[in-house]
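Chemist: Pasting a structure below so you can have a look.
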Ligand code: 13P
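Residue numbers (our numbering): 1 to 340.
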């Protein structure tokens, strides 16, 4: 394992002012996104959409890395440049989703396990050859009546650690993503309790598997009330509870933490990140690895029309720029009113 190289990449991914675009929607997920704009999910439409995002002028000022899906890593621009080569040329690190999605966990109703370890070493070697320098694996923990169970937390944490160790052996930086969902009606306090338990277990297993913490990036959820909670906590409480949880559970050897947006609105996700960075004195860089919170407006503005590429790019750049400011604690909600 080349530790120097792993640490260098992890630092580049979480450098101040920049963050990660999660554009690794699986074929099933991107279809759901395209359904909303009434666009057929063909391979060419998926390619054209990703080309719009990756070629947005100046995006690299705010975007340090892009998580790709297997299909996308093998695709090219209309002009014939491989996406991985384009991103590398722009100083943006290409990454790859390597998990194979979730499956119901037998004997544990309502809970899921992430698949994808079988054959992973071979796939990582190929992905490295294709230009990927980091990877992502998402574990999903739902909150509900009687869940999550210890068994679900422990099993998912063990899988994340085994994935991370395999990545580092292939000289690929693992993004370790344990996502506690915000779908339910639970309170912020309940989310904090579960996130705390999950991060505790994840770092225990990373330690057990001798994962090099300086050469990884953590991608957690924020500590936030469930979408259906009748009395949702405000931004200051989200920032405070999230920082409290991370300070307790994430070793300072980890260079950076890149949040998922998880169903927050674009402006909410940016505001929360900004408030945390304003706190200052943090041992790790705090940035974004957003999917929906970077793409929702851009996707709507593009709408699948070639004539709307520039409009889509302007919306994407606006989100990238505002989130870049949020990584430095320099965002103001009033900036949302400015035109893209
Ligand atoms: P969201 O920001 O839309 O939650 O997506 C991030 C991601 O990569 C989830 O795995």
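By construction, the Cβ of each residue, glycine as well, lies at the ideal position given by its N, Cα and C atoms. Remember, it's a predicted structure, so these values are computed and weren't measured experimentally.
Got a list of residues with beta-carbon closer than 5 Å to any non-hydrogen atom of the ligand 13P, in chain order?
Modeler: Listed by chain position, these are 22, 138, 260, 261, 262, 290, 291, 292.
Chemist: Please report the straight-line C-alpha distance between residue 289 and residue 258, rounded to a whole angstrom.
Modeler: Mapped onto the chain shown, residue 289 falls at position 289. Mapped onto the chain shown, residue 258 falls at position 258. Going from the Cα of residue 289 to the Cα of residue 258 covers about 5 Å.
Chemist: Considering only C-alpha positions, which residue in the set 247, 265, 210 is nearest to residue 235?
Modeler: Against the chain shown, residue 235 aligns to sequence position 235. The option with the nearest alpha carbon to residue 235 is 265.
Chemist: Measuring straight from C-alpha to C-alpha, what distance separates residue 69 and residue 45?
Modeler: Indexing the chain shown from 1 puts residue 69 at position 69. Indexing the chain shown from 1 puts residue 45 at position 45. Using only the alpha carbons, I get a separation of about 14 Å.
Chemist: Answer yes if the segment 212-228 comes into contact with the segment 177-189, meaning at least three C-beta pairs across the two stretches below 8 Å, and no otherwise.
Modeler: yes
Chemist: Grab me the residues of residue 157's own chain with a C-beta within less than 6 Å of its C-beta, minus the 5 sequence neighbours each way, in chain order.
Modeler: Start at 1 with the first residue of the chain shown, and residue 157 comes out as number 157. 201, 202, 205.
Chemist: Go through its chain and collect everything with a Cβ distance to residue 9's Cβ below 8 Å, but skip five positions before and after it.
Modeler: Counting from one through the chain shown, the residue named residue 9 turns up at place 9. Residues of the same chain with a CB within less than 8 Å of the CB of residue 9, apart from the 5 flanking positions on each side, are 93, 133, 134, 173, 215 in chain order.
Chemist: Helix or strand or just coil, what does DSSP make of residue 82?
Modeler: What you label residue 82 is simply residue 82 of the chain shown in a count that begins at 1. DSSP places residue 82 in strand when its eight states are reduced to three.
Chemist: Please classify residue 129 as buried or exposed, where buried requires at least 16 other C-beta atoms within 10 Å of its C-beta.
Modeler: Along the chain shown, one-based indexing puts residue 129 at 129. Exposed, by the Cβ-count rule.
Chemist: How far does the beta strand (DSSP E) with residue 137 in it extend, from its first residue to its last?
Modeler: Working through the chain shown from its first residue, we reach residue 137 at position 137. 134-141 is the span of the beta strand (DSSP E), which, as asked, contains residue 137.
Chemist: Just list the residues that DSSP pairs residue 228 with in beta bridges.
Modeler: Translated into the one-based positions of the chain shown, residue 228 becomes position 228. Under DSSP, residue 228 takes part in no beta bridge, so it has no partner.
Chemist: Quick check on the DSSP output: the alpha helix (DSSP H) that includes residue 325 runs from which residue to which?
Modeler: One-based indexing of the chain shown puts residue 325 at position 325. Start and end: 309-326.
Chemist: Below 8 Å between beta carbons: does that hold for residue 37 and residue 304?
Modeler: Your numbering for residue 37 matches position 37 in the chain shown. Your numbering for residue 304 matches position 304 in the chain shown. The answer is yes: Cβ separation under 8 Å.
Chemist: Relative to the C-alpha of residue 194, which candidate in 109, 170, 150 has its C-alpha closest?
Modeler: Mapped onto the chain shown, residue 194 falls at position 194. It is 150 whose Cα lies nearest to the Cα of residue 194.
Chemist: I'd like the ranges of any beta strand (DSSP E) spanning at least 3 consecutive residues and lying wholly in the segment 55-116.
Modeler: 63-68, 93-97, 102-104, 112-114
Chemist: The beta strand (DSSP E) that contains residue 176, what's its start and end?
Modeler: Sequence index remark: in the chain shown, residue 176 carries index 176 (1-based). Residue 176 -> beta strand (DSSP E) spans 173-180.
Chemist: Pull up the distance between the alpha-carbon of residue 341 and that of residue 154, whole angstroms please.
Modeler: This structure leaves residue 341 out entirely; the chain is present only between 1 and 340.
Chemist: Give a yes or no on whether the C-beta atoms belonging to residue 256 and residue 14 are separated by under 8 Å.
Modeler: As a position in the chain shown, residue 256 is number 256, starting the count at 1. As a position in the chain shown, residue 14 is number 14, starting the count at 1. Contact: yes.
Chemist: Taking 8 Å as the threshold (C-beta atoms), are residue 67 and residue 101 in contact?
Modeler: For the purposes of this step, residue 101 is taken as the residue at position 101 of the chain shown. For the purposes of this step, residue 67 is taken as the residue at position 67 of the chain shown. Contact: no.
Chemist: Look up residue 252 in the DSSP assignment and say whether it is helix, strand or coil.
Modeler: To locate residue 252, count along the chain shown from 1; it is residue 252. If DSSP states are grouped into helix, strand and coil, residue 252 belongs with coil.
Chemist: Let me confirm a value: residue 343 is counted as buried when at least 16 other C-beta atoms fall within 10 Å, else exposed. Which label applies?
Modeler: Outside the modelled stretch of the chain, which goes from 1 to 340, sits residue 343, for which no answer is possible.
Chemist: Using 8 Å for Cβ pairs, my map puts residue 160 next to residue 180. What's the rounded Cβ distance?
Modeler: Residue mapping note: residue 160 aligns to position 160 of the chain shown, counting from 1. Residue mapping note: residue 180 aligns to position 180 of the chain shown, counting from 1. That pair is no contact at about 13 Å.
Chemist: Looking at the structure shown, is residue 53 part of a helix, part of a strand, or coil, going by DSSP?
Modeler: Looking up residue 53 in the chain shown gives position 53. Helix.
Chemist: Name the DSSP beta bridge partners of residue 349, please?
Modeler: Given that the chain is displayed from residue 1 to residue 340, the structure contains no residue 349 and the question cannot be resolved.
Chemist: For residue 111, is the classification buried or exposed, using 16 other Cβ atoms within 10 angstroms of its Cβ as the cut-off for buried?
Modeler: For this step, residue 111 is matched to residue 111 along the chain shown. With 16 or more other Cβ atoms within 10 Å, it is buried.
Chemist: Can you tell me which residues form a DSSP beta bridge with residue 269?
Modeler: Numbered from its first residue, the chain shown carries residue 269 at position 269. Residue pairing from DSSP leaves residue 269 without any beta-bridge partner.
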